[in-house]
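Novice: Protein chains in written order, with full-length UniProt numbering: chain A, 1 to 209; chain B, 1 to 209. Here you go, one structure.
Number of protein chains: 2
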Amino acid sequence: MRSDKGDLKARARIRNAALELFGAEGATGVSLRAVAARAGVSHALVLHHFGSKEGLRKECDAYVISLVRGGPGVEALEDTAGLAAMLEAAGPVRRYLGRAFMDGTPEAAALYDEIVEATERWLEQGVAEGWARPSQDPRARAAIYVTWLLAPLAFGEHLSRVLGVPDPHDMDATLRHSRAGIEIFTGGVFADDRALTAWEAVRKERRAR
Amino acid sequence: MRSDKGDLKARARIRNAALELFGAEGATGVSLRAVAARAGVSHALVLHHFGSKEGLRKECDAYVISLVRGGPGVEALEDTAGLAAMLEAAGPVRRYLGRAFMDGTPEAAALYDEIVEATERWLEQGVAEGWARPSQDPRARAAIYVTWLLAPLAFGEHLSRVLGVPDPHDMDATLRHSRAGIEIFTGGVFADDRALTAWEAVRKERRAR
DNA sequence: CAGTTGGCTGACCAATTGGTTATCATCCTG
DNA sequence: CAGGATGATAACCAATTGGTCAGCCAACTG
């Protein structure tokens, strides 16, 4: 019933409009009428196609997630290639993905878990092969690693402003803060163990209670 | 007797309720009536005190920011509960702060800039004193550092879920991922320069175009 | 050609929203 | 006790929201 190209056009237009608006303002802050207006259709048509606002949101989720998961002929997430591709993908999609993670939809949560899982295996392999350092808590490290890669999605606006780049999703800004991130991932920030020992002290004091 | 917060002035009760709800769902997704209900007052009183929803939001911003800046908050002194109230408020305040950064209010932006600025100077000093590694792009590094520290505010829900801790703002979860973060900040993740050289390759290829 | 189907719409609906106003209940203070 | 301030509310309002419905219209299909 929906394999026709004729209806896919309208559906796609609405979905793209929703993607942009939801990503920019958050789903709760955008009315169906706003989406419809941007897609150049009546708001009733949005309901006609997606049943409800929630239905539209889910379809956006599914679409974006499929983009992240499925590159051209790529199998499931074996490494962070999908994520890396995602970070280079189009602005609206990125923005939407960031929102989805922040708003904590079940689908986004599942994707997050998947990415962390893959990253943990990837880093484990790296440790075995010698190009990654061992960790005292590999799972937590993988989780933090992923979270940090995602961070610019949430705070990209501030990041670009601080770096003096007008567009939060400008490629040059992305490249620049990527470099800084990789620098930290490669050599760290601190030259000694003072932060680590400070953490130990906090934990010890907390345990004492 | 009415409730545990019965002693607090209505104004503070409303502000605290708004803090919790706005932080949890985002300001646009929470109605004034919901705030009023949580504070145990009529929704008209919210308007009476704060003029408008935007006024309430700004007051929340100002309050949270004053807490972050560490200065003696005006209302903080009125809350006789002292430290206990402070710790209890810590969770909601953190959540709210994360939302404020994500939603990009002007006040939050200014605070962000301030923090990055201070961090950059701090790291610069660290480099001079030898406990921080030099960076090729100190400003970008400071921005990324701050952004990464803030990341758990945005993705704390996923982080705690992946670590198997029920409450996203549980102290133990915070402690655990903090440790992983400090580990990275201290020693990095990668044992060689392959990520760095890969980045260089990407930049070069991009420049060629 | 008649008829069915499905994309598409305007008009409508009940519920909810942020905001206003008139009013009431205190509580000081003169 | 009079009489403002101040705190708080119920009733109301216009606008907007997500969702429904009957029906238009173009394209297939018999």
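Even for Gly, the Cβ is constructed at its ideal location relative to N, Cα and C.
Taking a contact to mean a Cβ-Cβ separation below 8 Å, would you say Tyr63 (chain A) touches His158 (chain B) in this structure?
Specialist: Sequence index remark: in the first sequence, residue 63 (chain A) carries index 63 (1-based). Sequence index remark: in the second sequence, residue 158 (chain B) carries index 158 (1-based). Not closer than 8 Å, so no.
Novice: Using 8 Å as the limit for Cβ to Cβ distance, is Val116 (chain B) near chain A?
Specialist: Position 116 of the second sequence, counted from the start, is the residue given in the question as residue 116 (chain B). True, the Cβ-Cβ gap to chain A drops below 8 Å.
Novice: Applying a beta-carbon distance threshold of less than 7 Å, which residues of chain A neighbour Val41 (chain B)?
Specialist: In the second sequence, counting from the first residue as 1, residue 41 (chain B) sits at position 41. The contacting residues do not exist; Val41 (chain B) stays about 24 Å from chain A at best.
Novice: In chain A, what lies closer than 7 Å to Thr186 (chain B) by C-beta?
Specialist: Walking along the second sequence from the start, residue 186 (chain B) turns up at place 186. Simply Gly188, Phe190, Asp193, Ala195 and Leu196.
Novice: With 8 Å as the threshold, decide whether the Cβ of His169 (chain A) is near any Cβ in chain B.
Specialist: The residue given as residue 169 (chain A) occupies position 169 in the first sequence. Not one chain B Cβ lies under 8 Å of His169 (chain A).
Novice: How is Ala132 (chain A) classed by DSSP in three states: helix, strand or coil?
Specialist: For this step, residue 132 (chain A) is matched to residue 132 along the first sequence. Three-state result, Ala132 (chain A): strand.
Novice: Quick one: list the residues of chain A neighbouring Ile182 (chain B), beta-carbon separation under 7 Å, in chain order.
Specialist: In the second sequence, counting from the first residue as 1, residue 182 (chain B) sits at position 182. What Ile182 (chain B) touches in chain A: Ala195, Leu196 and Trp199.
Novice: Using a beta-carbon distance below 8 Å, is Glu157 (chain A) in contact with chain B?
Specialist: On the first sequence, residue 157 (chain A) is found 157 positions in, with the first residue counted as 1. Cβ-Cβ to chain B under 8 Å: yes for Glu157 (chain A).
Novice: Starting from Arg95 (chain A), find everything on chain B with Cβ-Cβ shorter than 8 Å and list it in chain order.
Specialist: For the purposes of this step, residue 95 (chain A) is taken as residue 95 along the first sequence, with counting starting at 1. Ordered by position in chain B, no residue passes the 8 Å Cβ test against Arg95 (chain A), which lies about 11 Å from the chain.
Novice: Mind listing the chain B neighbours of His177 (chain A)? Cutoff is C-beta to C-beta under 7 Å, in chain order.
Specialist: Here residue 177 (chain A) refers to the residue found at position 177 of the first sequence. Here the neighbours are Ala140, Ala143 and Ile144.
Novice: Taking C-beta to C-beta, are Ala143 (chain A) and Leu123 (chain A) nearer than 8 Å?
Specialist: Within the first sequence, the letter at position 143 stands for residue 143 (chain A). Within the first sequence, the letter at position 123 stands for residue 123 (chain A). Leu123 (chain A) sits away from Ala143 (chain A), with the two beta carbons spaced by 8 Å or more.
Novice: If you check the beta carbons only, do His169 (chain A) and Gly91 (chain A) fall under 8 Å apart?
Specialist: Within the first sequence, numbered from 1, the residue matching residue 169 (chain A) stands at position 169. Within the first sequence, numbered from 1, the residue matching residue 91 (chain A) stands at position 91. In contact: His169 (chain A) and Gly91 (chain A) (Cβ atoms closer than 8 Å).
Novice: Shorter than 8 Å from the beta carbon of Phe22 (chain B) to some beta carbon of chain A?
Specialist: As a first step, residue 22 (chain B) is located in the second sequence; it is residue number 22 there, counting from the start. So no, Phe22 (chain B) is outside the interface.
Novice: Under 8 Å, Cβ to Cβ, is there at least one residue of chain A near Ser135 (chain B)?
Specialist: In the second sequence, the residue the question calls residue 135 (chain B) occupies position 135. Residue-level contact check: Ser135 (chain B) touches chain A, since one or more beta carbons of chain A fall below 8 Å from its beta carbon.
Novice: For the alpha helix (DSSP H) that Gly98 (chain A) lies in, which residues bound it at each end?
Specialist: Taking the first residue of the first sequence as 1, we reach residue 98 (chain A) at position 98. Residues Gly91 to Asp103.
Novice: Quick one, which of B:Val202, B:Val189 and B:Glu183 has its alpha-carbon nearest Gln125 (chain A)'s?
Specialist: To locate residue 125 (chain A), count along the first sequence from 1; it is residue 125. The option with the nearest alpha carbon to Gln125 (chain A) is B:Val189.
Novice: Which value, in whole angstroms, describes the spacing of the CA atoms of Ala27 (chain B) and Thr28 (chain A)?
Specialist: To locate residue 27 (chain B), count along the second sequence from 1; it is residue 27. To locate residue 28 (chain A), count along the first sequence from 1; it is residue 28. The straight-line gap from Cα to Cα measures roughly 10 Å.
Novice: Would the beta-carbon of Ala195 (chain A) fall within 8 Å of that of Thr186 (chain B)?
Specialist: As a working mapping, residue 195 (chain A) is identified with position 195 in the first sequence. As a working mapping, residue 186 (chain B) is identified with position 186 in the second sequence. Yes, the Cβ-Cβ distance between Ala195 (chain A) and Thr186 (chain B) is below 8 Å.
Novice: Would His48 (chain B) be called buried (16 or more neighbouring beta carbons within 10 Å of its own) or exposed?
Specialist: The residue you call residue 48 (chain B) lines up with position 48 of the second sequence. Counting Cβ neighbours within 10 Å, His48 (chain B) comes out exposed, since fewer than 16 surround it.
Novice: Would you check if the stretch 94-111 of chain A and the stretch 147-161 of chain A touch, i.e. whether three or more CB-CB distances between them fall below 8 Å?
Specialist: yes
Novice: Within the 8 Å Cβ cut-off, does Pro166 (chain B) reach chain A?
Specialist: Numbered from its first residue, the second sequence carries residue 166 (chain B) at position 166. With 8 Å as the cut-off, Pro166 (chain B) does not count as an interface residue toward chain A.
Novice: Starting from the C-beta of Lys53 (chain B), find all residues in its chain whose C-beta is less than 7 Å away, skip the five residues before and the five after it, and write them out in chain order.
Specialist: In the second sequence, the residue the question calls residue 53 (chain B) occupies position 53. Excluding residues within five positions, the ones whose Cβ falls inside 7 Å are Leu32.
Novice: At a CB-CB cut-off below 8 Å, which residues of chain B make contact with Thr28 (chain A)?
Specialist: To locate residue 28 (chain A), count along the first sequence from 1; it is residue 28. Ordered by position in chain B, the residues that pass the 8 Å Cβ test against Thr28 (chain A) are Glu25, Gly26, Thr28 and Gly29.
Novice: Can you confirm whether Ala81 (chain B), when its beta carbon is compared against all beta carbons of chain A, has any partner nearer than 8 Å?
Specialist: As a first step, residue 81 (chain B) is located in the second sequence; it is residue number 81 there, counting from the start. In this prediction, Ala81 (chain B) scores a pLDDT of 35, lower than 50, which makes its location untrustworthy; no coordinate-derived value is stated.
Novice: Looking at the secondary structure, which residues open and close the alpha helix (DSSP H) in which Leu196 (chain B) lies?
Specialist: Position 196 of the second sequence holds residue 196 (chain B). Its alpha helix (DSSP H) spans residues Arg194 to Ala208.
Novice: In whole angstroms, what is the alpha-carbon distance linking Leu21 (chain B) and Ala34 (chain B)?
Specialist: To locate residue 21 (chain B), count along the second sequence from 1; it is residue 21. To locate residue 34 (chain B), count along the second sequence from 1; it is residue 34. Answer to the nearest angstrom: the Cα atoms are 8 Å apart.
Novice: By the criterion of Cβ-Cβ separation under 8 Å, what are the contact partners of Trp122 (chain A) in chain B?
Specialist: Numbered from its first residue, the first sequence carries residue 122 (chain A) at position 122. Residues of chain B passing the Cβ test: none, with the nearest at roughly 11 Å.
Novice: Would Arg161 (chain A) count as contacting chain B if we go by Cβ distances under 8 Å?
Specialist: Residue numbering aside, residue 161 (chain A) sits at position 161 when the first sequence is read from its first letter. Yes, contact with chain B.
Novice: Measure how close the beta-carbons of Arg94 (chain B) and Ala140 (chain A) come, nearest whole angstrom, since I'm counting them as under 8 Å.
Specialist: The residue labelled residue 94 (chain B) in the question sits at position 94 within the second sequence. The residue labelled residue 140 (chain A) in the question sits at position 140 within the first sequence. Actually they are not in contact, since the Cβ atoms of Arg94 (chain B) and Ala140 (chain A) sit about 19 Å apart, beyond 8 Å.
Novice: Is there a Cβ of chain B sitting closer than 8 Å to that of Asp113 (chain A), yes or no?
Specialist: What you label residue 113 (chain A) is simply residue 113 of the first sequence in a count that begins at 1. For Asp113 (chain A), the answer is yes, since a Cβ of chain B falls inside 8 Å of its Cβ.
Novice: Rounded to a whole number of angstroms, what is the C-alpha to C-alpha distance between Glu107 (chain A) and Asp167 (chain B)?
Specialist: Taking the first sequence and counting its residues from 1, the one referred to as residue 107 (chain A) is at position 107. Taking the second sequence and counting its residues from 1, the one referred to as residue 167 (chain B) is at position 167. One C-alpha to the other measures close to 20 Å.
Novice: Between which two residues does the alpha helix (DSSP H) holding His169 (chain B) run?
Specialist: The residue you call residue 169 (chain B) lines up with position 169 of the second sequence. Run containing His169 (chain B): none; DSSP gives neither H nor E here.
Novice: Go through its chain and collect everything with a Cβ distance to Lys204 (chain B)'s Cβ below 7 Å, but skip five positions before and after it.
Specialist: The residue given as residue 204 (chain B) occupies position 204 in the second sequence. Excluding sequence neighbours, Lys204 (chain B) sits near nothing in its chain.
Novice: On the DSSP letters alone, give me the boundaries of the alpha helix (DSSP H) that Phe22 (chain B) sits inside.
Specialist: Along the second sequence, read from residue 1 onward, the residue named residue 22 (chain B) stands at position 22. Looking at the DSSP string, the run of the alpha helix (DSSP H) that includes Phe22 (chain B) is Ala10 to Glu25.
Novice: Who are the Cβ neighbours of Gly30 (chain A) in its own chain at under 7 Å, not counting the five residues just before and after it?
Specialist: Sequence index remark: in the first sequence, residue 30 (chain A) carries index 30 (1-based). A quick correction: the sequence has Val, not Gly, at residue 30 (chain A). If we look at Val30 (chain A) and ignore the five residues flanking it on each side, its Cβ neighbours are Leu21 and Phe22.
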